[in-house]
């Protein structure tokens, strides 16, 4: 009689055959485990925590100049940070004070900017290495130190720009939807609809952010639709995290370690959750049907190339009149050795 485990495995196998979405989910989990996704997220968490405050100081330093041209830039940055770090931004105890960071950013100066920049780019390098592992990207030639840091700086600027623009667009859409419903007298009655619109817009903004992270940092050989599907999963997971942020932060504050480490502990926990969402989203994109089909086709093509390359070495075609026959290397060597011995025998007889 089959054991419980065997019956369960058989049922899962049948379910995977009937439900492609379930099969995709199982492949994602298997790939996440095979490449040690939790370890990758842990490495990203370490570098992200060390880079967090330098990146914030750098962001406010740059936005301080941008605000002279675009006055709403600082408000959009604050909204973006509040959306990414819900419940952690403010002036209360156990919260991150943006005013203190703004004051320190103003004192950074051009000389200190280099140090802040170097420290802040550690998160980007850690995230890139983790995503390269998740997408099993072949080893590429790495640029020198200066070029590598410039590349990271451009990627960081683009990701920050995408985040701020997505938040700005989300705010405009949410405000426009609210004003439109108020205009037709449905603002109060359709308040739940506004909440749905707000969540949908937030998911769309996060989706663009995840896609930008995948494309700019790893640029994997994965079809664009697969990357977008991974970005959608990441955005949904991140939205769930934001909705549960109050519970997560409250549970962290109840830990005895919070009394010793304060907001730093909450920040580490939150970054780790976010990093895991990114790794799972990457695994989902990598294990999509389209991505697997491309990899299987590339593997067959590589096998055909290797087989064709081994063909002429593995056999010799010797013409005999109008026909030809195939000899192995051993047969060819034996024939050559026999011919050489015959020649030596003839020469000796002539000398004798």
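Numbering (this note's numbering), first residue to last: 1 to 352.
Don't be surprised by glycine CBs; every beta carbon is placed ideally from N, CA and C.
Element boundaries [alpha helix (DSSP H), containing residue i]
i, result
"residue 273", "263–286"
"residue 357", "Past the boundaries of the shown model lies residue 357; the chain is included only from 1 to 352, so the question cannot be answered."
"residue 140", "Per DSSP, residue 140 belongs to no alpha helix (DSSP H) and is neither H nor E."
"residue 242", "224–243"
"residue 92", "It is not in any alpha helix (DSSP H) - residue 92 carries neither H nor E in the DSSP assignment."
"residue 54", "37–66"
"residue 353", "The question about residue 353 has no answer, for the chain in this structure spans 1 to 352."
"residue 76", "73–84"
Beta carbon proximity, residue i to chain C, threshold 9 angstroms
i, result
"residue 102", "You won't find chain C in this structure, because it holds only one protein chain."
Residue i classed as buried or exposed, judged by whether at least 16 other C-beta atoms fall within 10 angstroms
i, result
"residue 38", "exposed"
"residue 11", "exposed"
"residue 305", "exposed"
"residue 254", "exposed"
"residue 3", "exposed"
"residue 34", "exposed"
"residue 195", "exposed"
"residue 329", "Any reading at residue 329 must be qualified, since the residue scores a pLDDT of 46, below 50, and its modelled position is unreliable; no value is offered."
"residue 132", "buried"
"residue 72", "exposed"
"residue 128", "buried"
"residue 314", "Per-residue confidence for residue 314 stands at a pLDDT of 48, beneath the threshold of 50, marking its modelled position as unreliable; the derived number appears in the next sentence. Exposed, because fewer than 16 other Cβ atoms sit within 10 Å of the Cβ of residue 314."
"residue 45", "buried"
"residue 287", "buried"
"residue 47", "buried"
"residue 40", "buried"
Alpha-carbon spacing of residue i relative to residue j, whole angstroms
i, j, result
"residue 20", "residue 63", "46 angstroms"
"residue 197", "residue 204", "10 angstroms"
"residue 294", "residue 285", "13 angstroms"
"residue 92", "residue 256", "19 angstroms"
"residue 291", "residue 30", "16 angstroms"
"residue 25", "residue 134", "15 angstroms"
"residue 70", "residue 166", "16 angstroms"
"residue 297", "residue 74", "49 angstroms"
"residue 23", "residue 242", "28 angstroms"
"residue 36", "residue 122", "21 angstroms"
Rounded distance between the beta-carbons of residue j and residue i, thought under 8 angstroms
i, j, result
"residue 164", "residue 235", "Rounded, the Cβ-Cβ distance is 17 angstroms, inconsistent with contact."
"residue 157", "residue 214", "Rounded, the Cβ-Cβ distance is 17 angstroms, inconsistent with contact."
"residue 137", "residue 231", "That pair is no contact at about 17 angstroms."
"residue 126", "residue 59", "Not quite, the Cβ-Cβ distance comes to about 18 angstroms (not below 8 angstroms), so this is no contact."
"residue 280", "residue 28", "7 angstroms"
"residue 101", "residue 95", "Wrong, their Cβ atoms sit about 12 angstroms apart, outside the cutoff."
"residue 50", "residue 78", "Contact flag wrong, Cβ pair sits at about 23 angstroms."
"residue 245", "residue 87", "5 angstroms"
"residue 155", "residue 216", "5 angstroms"
"residue 239", "residue 202", "6 angstroms"
"residue 76", "residue 168", "5 angstroms"
"residue 172", "residue 237", "In fact, because the Cβ distance is near 25 angstroms, the residues do not count as touching under 8 angstroms."
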